[in-house]
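Student: Okay, here's the structure, questions in a sec.
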Amino acid sequence: GAVVSQHPSWVICKSGTSVKIECRSLDFQATTMFWYRQFPKQSLMLMATSNEGSKATYEQGVEKDKFLINHASLTLSTLTVTSAHPEDSSFYICSARETSGTGELFFGEGSRLTVL
Amino acid sequence: TQLLEQSPQFLSIQEGENLTVYCNSSSVFSSLQWYRQEPGEGPVLLVTVVTGGEVKKLKRLTFQFGDARKDSSLHITAAQPGDTGLYLCAGTGSGNTGKLIFGQGTTLQVKP
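Protein sequence lines, in the order shown, are assigned to chains D and G.
All the letters of the first sequence, read from the start, carry residue numbers 5 to 120 under our numbering.
All the letters of the second sequence, read from the start, carry residue numbers 17 to 128 under our numbering.
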């Protein structure tokens, strides 16, 4: 089946630094990818829709300058958490929608960010 | 804004019991998905329901989509400890974005 890979799966960084998380569709093309944030024992909260070749669409309340999204190719979207602070610590999950075929949505394994 | 209300949010039962999780909205969804998520992993798709009134079965799990396509339920028969996890309903939003809106999730614990 289709696979979406996230990297890194976990990362620890110091407050004030920036962290980049990659989301790759390994065996299919994805014009659209989605980034979610999840706190412990809570559901997934949609942060933004990443569109290949154009600007991302952010959900209300999500700071676009804080969470930079780049979707430079049909198989890669990146989320950069800029000037990270402890409150940015969370589980970040991406999903990718297959451009052709059924348009099914596939989820990555998630990336655990801890900001010290 | 389309919202999905999922209930209950926490459920702790004994092995062998039955349970039902509900997912309700005031909006119509083109499709509804049910996911299961283990700690530290991404959600895994269990089923997609598309047609109003549709019922799908996956072993001991029964999924139903409301006639008006605004609500869905997940029923587990004779729950087992292996069913323990976070269950999420999600609906495909209106418009052309196709983004997925998640309910609050149900944390299920099945005790042996």
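All C-beta atoms, glycine included, are put in the ideal place defined by N, C-alpha and C.
So if DSSP puts glycine 101 of chain G in a beta bridge, which residue, or which two residues, is it bridged to?
Tutor: Here residue 101 of chain G corresponds to residue number 85 of the second sequence, with the count starting at 1. In the DSSP output, where bridge partners are listed per residue, glycine 101 of chain G has G/Leu124.
Student: For the beta strand (DSSP E) holding valine 71 of chain G, just list the boundary residues, first then last.
Tutor: Locating residue 71 of chain G in the second sequence gives position 55, where the first residue counts as 1. Run containing valine 71 of chain G: 71-74, per the beta strand (DSSP E) assignment.
Student: Are at least three pairs of beta-carbons, each pair with one atom in the segment 79-91 of chain D and one in the segment 29-42 of chain D, less than 8 Å apart?
Tutor: Output reads yes: the segment 29-42 of chain D touches the segment 79-91 of chain D.
Student: Give the straight-line distance between the Cα atoms of phenylalanine 26 of chain G and threonine 123 of chain G, rounded to the nearest whole angstrom.
Tutor: Taking the second sequence and counting its residues from 1, the one referred to as residue 26 of chain G is at position 10. Taking the second sequence and counting its residues from 1, the one referred to as residue 123 of chain G is at position 107. Each residue's alpha carbon lies about 5 Å from the other.
Student: Per the contact definition of three or more C-beta pairs closer than 8 Å, is the segment 37-54 of chain G in contact with the segment 66-85 of chain G?
Tutor: As far as the Cβ criterion goes, the segment 66-85 of chain G touches the segment 37-54 of chain G, which means the pair count is three or higher.
Student: Whole angstroms is fine: what's the gap from valine 119 of chain D's alpha carbon to leucine 104 of chain G's?
Tutor: Sequence index remark: in the first sequence, residue 119 of chain D carries index 115 (1-based). Sequence index remark: in the second sequence, residue 104 of chain G carries index 88 (1-based). Between valine 119 of chain D and leucine 104 of chain G, the C-alpha separation is close to 27 Å.
Student: Identify every residue that forms a DSSP beta bridge with asparagine 74 of chain D.
Tutor: Working through the first sequence from its first residue, we reach residue 74 of chain D at position 70. The partner list for asparagine 74 of chain D (beta bridge, DSSP) reads D/Thr82.
Student: Out of G/Val63, G/Ile29 and G/Gly56, point me to the one whose CA is closest to threonine 100 of chain G's CA.
Tutor: As a working note, residue 100 of chain G is residue 84 in the second sequence. Among G/Val63, G/Ile29 and G/Gly56, the Cα nearest to that of threonine 100 of chain G is on G/Ile29.
Student: Can you give me the C-alpha to C-alpha distance between leucine 20 of chain G and glycine 57 of chain D, rounded to a whole angstrom?
Tutor: Locating residue 20 of chain G in the second sequence gives position 4, where the first residue counts as 1. Locating residue 57 of chain D in the first sequence gives position 53, where the first residue counts as 1. Near 31 Å, if we compare the C-alpha coordinates of glycine 57 of chain D and leucine 20 of chain G.
Student: Does tyrosine 38 of chain G get closer than 9 Å to chain D when you measure Cβ to Cβ?
Tutor: Locating residue 38 of chain G in the second sequence gives position 22, counting from the first residue. Chain D, which has no Cβ nearer than 9 Å to the Cβ of tyrosine 38 of chain G, makes this no.
Student: Could you say if the segment 16-34 of chain D and the segment 98-117 of chain D meet the contact criterion of at least three C-beta pairs nearer than 8 Å?
Tutor: The answer is yes - the segment 98-117 of chain D touches the segment 16-34 of chain D, with three or more Cβ pairs under 8 Å.
Student: Does the beta carbon of lysine 16 of chain G come closer than 9 Å to any beta carbon on chain D?
Tutor: As shown, chain G starts at 17 and ends at 128. That puts residue 16 of chain G outside it, with no answer to give.
Student: Measuring CA to CA, which of D/Asp69, D/Val66 and D/Asn74 is closest to asparagine 55 of chain D?
Tutor: Position 51 of the first sequence, counted from the start, is the residue given in the question as residue 55 of chain D. Closest by alpha carbon: D/Asn74.
Student: Does any residue of chain G bring its CB to less than 9 Å from the CB of glutamine 10 of chain D?
Tutor: In the first sequence, counting from the first residue as 1, residue 10 of chain D sits at position 6. So, interface residue.
Student: Using CA coordinates, which residue listed in G/Leu35, G/Pro24, G/Pro59 and G/Tyr51 is at the minimum distance from glycine 147 of chain D?
Tutor: Examination of residue 147 of chain D is not possible in this model, given that chain D is present from 5 through 120 alone.
Student: Give me, in chain order, the residues of the same chain whose beta-carbon lies closer than 6 Å to that of threonine 93 of chain G; leave out the 5 immediate sequence neighbours on both sides.
Tutor: Here residue 93 of chain G refers to the residue found at position 77 when the second sequence is read from its first residue. Answer for threonine 93 of chain G: Asn34 and Arg76, listed in chain order.
Student: Could you tell me the boundaries of the beta strand (DSSP E) in which threonine 36 of chain D lies?
Tutor: What you label residue 36 of chain D is simply residue 32 of the first sequence in a count that begins at 1. Run containing threonine 36 of chain D: 36-42, per the beta strand (DSSP E) assignment.
Student: Give me the chain G residues within the contact set of lysine 45 of chain D, using Cβ-Cβ distance strictly less than 7 Å, ordered along the chain.
Tutor: Within the first sequence, the letter at position 41 stands for residue 45 of chain D. The contacting residues are Thr123.
Student: In whole angstroms, give me the CA-to-CA distance for glycine 112 of chain D and proline 55 of chain G.
Tutor: Mapped onto the first sequence, residue 112 of chain D falls at position 108. Mapped onto the second sequence, residue 55 of chain G falls at position 39. Spanning the two alpha carbons is a distance of roughly 14 Å.
Student: Give the interface partners of isoleucine 97 of chain D over in chain G, defined as CB-CB distance under 7 Å, in chain order.
Tutor: The residue labelled residue 97 of chain D in the question sits at position 93 within the first sequence. Near isoleucine 97 of chain D (Cβ distances below 7 Å), the residues of chain G are Gly58.
Student: Taking only the alpha-carbon atoms, compute the straight-line gap between lysine 73 of chain G and valine 65 of chain G and give it to the nearest angstrom.
Tutor: In the second sequence, residue 73 of chain G corresponds to position 57, counting from 1. In the second sequence, residue 65 of chain G corresponds to position 49, counting from 1. Going from the Cα of lysine 73 of chain G to the Cα of valine 65 of chain G covers about 11 Å.
Student: Could you check which residue in G/Val126, G/Arg52, G/Gln125 and G/Ala106 has the C-alpha nearest to that of isoleucine 117 of chain G?
Tutor: If you number the second sequence from 1, residue 117 of chain G lands on position 101. Comparing Cα-Cα distances from isoleucine 117 of chain G to each of G/Val126, G/Arg52, G/Gln125 and G/Ala106, the minimum goes to G/Ala106.
Student: Per DSSP, aspartate 69 of chain D is paired with what?
Tutor: Position 65 of the first sequence, counting from 1, holds the residue named residue 69 of chain D. Answer is none; aspartate 69 of chain D lacks a bridge partner.
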